[in-house]
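A.B. asks: First to last, the sequence lines map onto chains A and B. Numbering-wise (the working numbering), the first sequence opens with residue 823 and increments by one. Numbering-wise (the working numbering), the second sequence opens with residue -14 and increments by one.
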Amino acid sequence: MFNRDRWSEIFESISNNKLRTALSGFTITLGIFIFIVLFGFGNGLKNGFQEFFLDDSTNTLWVFPGRTTKPYKGFATNRTIEFRNDDLDDMEKNFPMFIEYITPRIARSGLTSYKGESNTYSTRAVSPGHQFSEKTIIMKGRYINEMDLQNKARHVVIGRLVEQDLFKNENALGKFVDINGINYKVVGVFQDDGGDNEERMIYLPYTARQLIEKNTDKIDFFIIGFRENMNYTASAAFARSVEKFLRDKHTIHPDDQNGMFVRNAAEGVKQTEQLAGVLQMAVAFVAAGTLFAGIIGILTIMIFVVKERTKELGIRKALGASPNSVIGMVLQESIFITLIAGIFGMVLGIAVLSSIGLSLQDYFIKYPYVATKTIVMAVVSLIVCGAIAGYIPARRAARIKPIVALRDE
Amino acid sequence: MIEIKDLHKSYKMGSNSLHVLKGINLNVEEGELVAIMGSSGSGKSTLLNIIGMLDVLDEGSYTLDGVPIKNLNEKKAAQYRNKFLGFVFQSFNLINYKTAAENVSLPLYYQGVKRKVRQEKALQYLESVGLREWATHLPSELSGGQKQRVAIARAMASEPKVLLADEPTGALDTKTSYEVMDLIQKINDEGNTILVVTHEPDIADMCKRIVHLKDGVIVEDKKVDQVRAQQYVQ
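1) Are the beta-carbon atoms of A/M1023 and A/G981 separated by less than 8 Å?
2) Find the residues of chain B that neighbour A/P1190, judging by a C-beta separation of less than 9 Å, and give them in chain order.
3) Distance, Cα to Cα, A/N1086 vs A/D1014?
4) Under 8 Å between C-beta atoms, does B/R100 make it to chain A?
5) Which chain A residues are close to B/P124, counting only those with a beta carbon under 8 Å from its beta carbon?
6) Along chain B, in chain order, which residues have C-beta atoms closer than 9 Å to that of A/T840?
7) Tell me, please, whether the CB atom of A/S1144 is closer than 8 Å to any CB atom in chain B?
8) Quick one: which unbroken beta strand (DSSP E) runs of 3-plus residues sit fully inside the region -1 to 58 of chain B? Chain order, please.
9) Could you tell me the alpha carbon to alpha carbon distance between A/G1208 and A/F871, rounded to whole angstroms?
10) Quick check: A/A1216 and A/L1153, are their CB atoms within less than 8 Å of each other?
11) What residue ranges within the region 1119 to 1172 of chain A form continuous alpha helix (DSSP H) runs of no fewer than 4 residues, ordered along the chain?
12) Contact defined as beta carbons within less than 8 Å: I believe A/A1200 pairs with A/T1132. What is the distance between those atoms, to the nearest angstrom?
13) Does any residue of chain B bring its CB to less than 8 Å from the CB of A/E1134?
14) At a cut of 8 Å, does the region 1164 to 1183 of chain A reach the region 1131 to 1151 of chain A through at least three beta carbon pairs?
15) Tell me the DSSP secondary structure of A/G996 in three-state form.
16) Using a Cβ cut-off of 8 Å, which residues of the region 1199 to 1223 of chain A contact any Cβ in chain B, in chain order?
17) For A/L933 versus A/A1061, is the C-beta spacing smaller than 8 Å?
18) Return the first residue and the last residue of the alpha helix (DSSP H) that A/M1199 is part of.
19) Please confirm if A/L1141 has its CB atom under 8 Å from at least one CB of chain B.
20) Closest by CA to B/P53, which one among B/S(-5), B/D(-9), B/I(-13) and B/N81?
21) Return the CA-CA distance between B/A150 and B/E17, expressed in angstroms with no decimal places.
22) Assign A/K1086 to one of three DSSP states: helix, strand, or coil.
23) Using the C-alpha atoms, what's the distance from A/F905 back to A/T891?
24) Within the same chain, show all residues whose beta-carbon is closer than 6 Å to that of A/R1031, passing over the 5 residues directly before and after it, in chain order.
25) What's the C-alpha gap between A/I960 and A/F954?
26) Considering only the alpha carbon of each residue, which of B/A20, B/M22, B/N12 and B/L32 lies closest to B/Y(-4)?
27) Evaluate the contact criterion for the region 855 to 862 of chain A versus the region 1105 to 1121 of chain A: three or more CB pairs, one atom per stretch, below 8 Å.
28) Looking at chain A, is there any beta carbon in it that lies within less than 8 Å of the beta carbon of B/L111?
29) What is the DSSP secondary structure of A/G1017, reduced to helix, strand or coil?
30) Check distances from the C-beta atoms of the region 25 to 47 of chain B to those of chain D and list, in chain order, the residues that come in under 7 Å.
31) Go to B/P92, then tell me how far its alpha helix (DSSP H) extends in each direction, as first and last residue.
32) Counting only C-beta atoms, is B/I49 closer than 8 Å to chain A at any point?
33) Between A/I1225 and chain B, is any beta-carbon pair separated by less than 8 Å?
34) So, for B/G155: in the same chain, excluding its five sequence neighbours on each side, which residues have a beta-carbon less than 6 Å away from its beta-carbon?
35) First and last residue of the beta strand (DSSP E) that includes A/F886?
36) What residues from chain A crowd round B/I80, counting only those whose CB sits closer than 7 Å?
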């Protein structure tokens, strides 16, 4: 393997048969290039899916009230269920070890104006915990805090695009905006990965919203952030307990699907990951197929090469080449070509992948990459495949009888 | 040098068996220049192939330089070929992508000779066949006679016990043939044992002994007065 003469024999054979070498190398380069790119796309697809579906926190339960469709314990059907502040308190009281945070949400739209500019935006009245469930990123100032809740303060946190729309180049922080005729102080500006709509949003303390609405204690629905260390099974069990507790409290029939419902975000994650996993597997399968085709390609070409070199190998054997040295020569040449061509294709593939970055985001492919592990595996399998692709023809070459090879045509 | 006793060789052709060599007895001493003659199908090439260990015998015995040649595996055969024998073929059989010098050094490579020594020796043998200045040329750039001289240099490079030439002049015109024979005679003059298979009487007359094969048996084995090829070569 490390014999200099052997290598110079191989280089000589390669450099004197450039077309043949280029052809057999090309199939491998193409194969591994497509393998890397497709495999990377698979990973990129997974990234893209995760970004798209998972811009919100995944360790959350969304608890929605509904309208009953079954009579229960003396209550008639078609009763509207409403959640109130005491539901939040009950949650915190009964499930303290599971709950990281809890936030109600009251959604209203509001005509918002600052100086001459005005526009209608969605507003959400929430608790500080909402920042985590929505993965809101504060750019300046702060989010709604506990003080705001206690004081029922008329403070708002506005989206990046709200600031852009209303304030132009001005800094919104500390300014007052008018929402549906009431002045609020801007205490923060945020951004969100969820897209433009998410950034045309205004957050305010839910207590402030309730005060404006005749000091009510109603909430639209609430979101529970459960502890991160709970796995899917634990979160599902927790979701069932929450649901049972609320059905008891609000006297809703246990089987009434419409009375209220709990959505576990982790379930969505699980499904999304499954889908992405299946897609990735499909892509990986195609990629492996391409690589396999490349290997078959080099096998065919090596068989042809040996056929073409029958006479030469016969001469070598007549001059004293042992069968092993013939096998070694063909094998080493095949592995060498495979490896060089493979690495070339690999570098090309990685270059293409890293140049893609975010440019295919519209097709859900984001930051395609190939893990080092995969690359190492690909290199190893290349060597193995080069050896297999070389060995079959090499064994054939070693069996060449010099007398047959040298027979004059 | 070569001792062959009661050698038989058959080829299977489907259900028929073709008996090519039917009991050959042949002794060749060191320093002899033997022509093996016969029409095509007489078995002369088969005999040469068996002597060259390119083919195996069915019956009888073959001893080369005191070493019995039997039950050789491929590896052993390759070793013996490399150590004992030099080959010259009708169609030269040079490796077409290697230069003259590289072709000549190839048997030395398989002997495990060091690169430097190999290159020196190759040039030395090319010199001895008068092709020193053609060392870096590819076979395609050489004439037929030159190719055969490179092939002879290659065969001699491994310093074989016996040089086997299968129709060495078969692809050459008369003048070039005589040049090649002149070279072979000179190599023989230095004491090398050489076997030449030919069907041309004038080539056979340039050897020291003619063995005539017909239908797989030796019909004639005579010493002749060697015709020197040099007189035809200017």
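All C-beta atoms, glycine included, are put in the ideal place defined by N, C-alpha and C. Small disclaimer: the values here were computed from a predicted structure and weren't measured.
C.D. replies: If we stick to the structure as given:
1) Numbered from its first residue, the first sequence carries residue 1023 of chain A at position 201. Numbered from its first residue, the first sequence carries residue 981 of chain A at position 159. A contact, by the Cβ cut-off of 8 Å.
2) For the purposes of this step, residue 1190 of chain A is taken as the residue at position 368 of the first sequence. Under the 9 Å cutoff, chain B gives no residues; its nearest Cβ is about 43 Å from A/P1190.
3) As a position in the first sequence, residue 1086 of chain A is number 264, starting the count at 1. As a position in the first sequence, residue 1014 of chain A is number 192, starting the count at 1. Going by the C-alpha atoms only, they are around 21 Å apart.
4) Here the question's residue 100 of chain B lines up with position 115 in the second sequence. Chain A, which has a Cβ nearer than 8 Å to the Cβ of B/R100, makes this yes.
5) To locate residue 124 of chain B, count along the second sequence from 1; it is residue 139. Per Cβ cutoff of 8 Å: no residues; B/P124 is ~12 Å from chain A at best.
6) Position 18 of the first sequence, counting from 1, holds the residue named residue 840 of chain A. Sequence check: residue 840 of chain A is Lys here, not Thr. In chain order: nothing, as chain B lies at least about 11 Å away.
7) The residue labelled residue 1144 of chain A in the question sits at position 322 within the first sequence. By this cut-off, A/S1144 is an interface position.
8) 1 to 13, 18 to 22 and 44 to 49
9) In the first sequence, counting from the first residue as 1, residue 1208 of chain A sits at position 386. In the first sequence, counting from the first residue as 1, residue 871 of chain A sits at position 49. Whole-angstrom Cα-Cα distance: 36 Å.
10) Along the first sequence, read from residue 1 onward, the residue named residue 1216 of chain A stands at position 394. Along the first sequence, read from residue 1 onward, the residue named residue 1153 of chain A stands at position 331. Yes.
11) 1132 to 1140
12) Taking the first residue of the first sequence as position 1, residue 1200 of chain A is located at position 378. Taking the first residue of the first sequence as position 1, residue 1132 of chain A is located at position 310. Between A/T1132 and A/A1200 the Cβ distance is about 33 Å, and since that is not below 8 Å, they are no contact.
13) Taking the first residue of the first sequence as position 1, residue 1134 of chain A is located at position 312. Interface annotation, A/E1134: in contact with chain B, CB-CB separation under 8 Å.
14) Too few Cβ pairs lie closer than 8 Å, so no.
15) Start at 1 with the first residue of the first sequence, and residue 996 of chain A comes out as number 174. Reduced to three states, the DSSP call for A/G996 is coil.
16) A1220 and K1223
17) In the first sequence, counting from the first residue as 1, residue 933 of chain A sits at position 111. In the first sequence, counting from the first residue as 1, residue 1061 of chain A sits at position 239. No, these two residues do not count as a Cβ contact at 8 Å.
18) Translated into the one-based positions of the first sequence, residue 1199 of chain A becomes position 377. That run of the alpha helix (DSSP H) goes T1194 to A1220.
19) On the first sequence, position 319 is the one that residue 1141 of chain A refers to. Output row for A/L1141: interface = yes.
20) The residue given as residue 53 of chain B occupies position 68 in the second sequence. Of the listed residues, the one whose Cα sits closest to B/P53 is B/I(-13).
21) Translated into the one-based positions of the second sequence, residue 150 of chain B becomes position 165. Translated into the one-based positions of the second sequence, residue 17 of chain B becomes position 32. So the alpha carbons of these two residues sit roughly 13 Å apart.
22) Numbered from 1 along the first sequence, position 264 holds the residue referred to as residue 1086 of chain A. Rather than Lys, the amino acid found at residue 1086 of chain A in this sequence is Asn. Three-state DSSP puts A/N1086 in a strand.
23) To locate residue 891 of chain A, count along the first sequence from 1; it is residue 69. To locate residue 905 of chain A, count along the first sequence from 1; it is residue 83. Distance between the alpha carbons of A/T891 and A/F905 is about 18 Å.
24) In the first sequence, counting from the first residue as 1, residue 1031 of chain A sits at position 209. Within the same chain, A/R1031 has close Cβ partners I928 and A947.
25) Locating residue 960 of chain A in the first sequence gives position 138, where the first residue counts as 1. Locating residue 954 of chain A in the first sequence gives position 132, where the first residue counts as 1. A direct Cα-to-Cα measurement between A/I960 and A/F954 gives close to 11 Å.
26) If you number the second sequence from 1, residue -4 of chain B lands on position 11. The candidate whose alpha carbon is nearest that of B/Y(-4) is B/L32.
27) Touching, per the Cβ criterion.
28) Taking the first residue of the second sequence as 1, we reach residue 111 of chain B at position 126. Not one chain A Cβ lies under 8 Å of B/L111.
29) Taking the first residue of the first sequence as 1, we reach residue 1017 of chain A at position 195. Judged by DSSP in its simplified three-state form, A/G1017 adopts coil rather than helix or strand.
30) In the structure shown, chain D cannot be found, because the protein chains are A and B.
31) For the purposes of this step, residue 92 of chain B is taken as residue 107 along the second sequence, with counting starting at 1. Element bounds for B/P92: A85 to Q96.
32) Working through the second sequence from its first residue, we reach residue 49 of chain B at position 64. The identity of residue 49 of chain B in the sequence shown is Leu, whereas the question assumes Ile. B/L49 does not count as touching chain A.
33) Working through the first sequence from its first residue, we reach residue 1225 of chain A at position 403. By this cut-off, A/I1225 is an interface position.
34) As a first step, residue 155 of chain B is located in the second sequence; it is residue number 170 there, counting from the start. Excluding sequence neighbours, B/G155 sits near Q75.
35) Stepping through the first sequence from its first residue, residue 886 of chain A is reached at position 64. Looking at the DSSP string, the run of the beta strand (DSSP E) that includes A/F886 is T882 to P887.
36) What you label residue 80 of chain B is simply residue 95 of the second sequence in a count that begins at 1. Result: E1134 and I1137.
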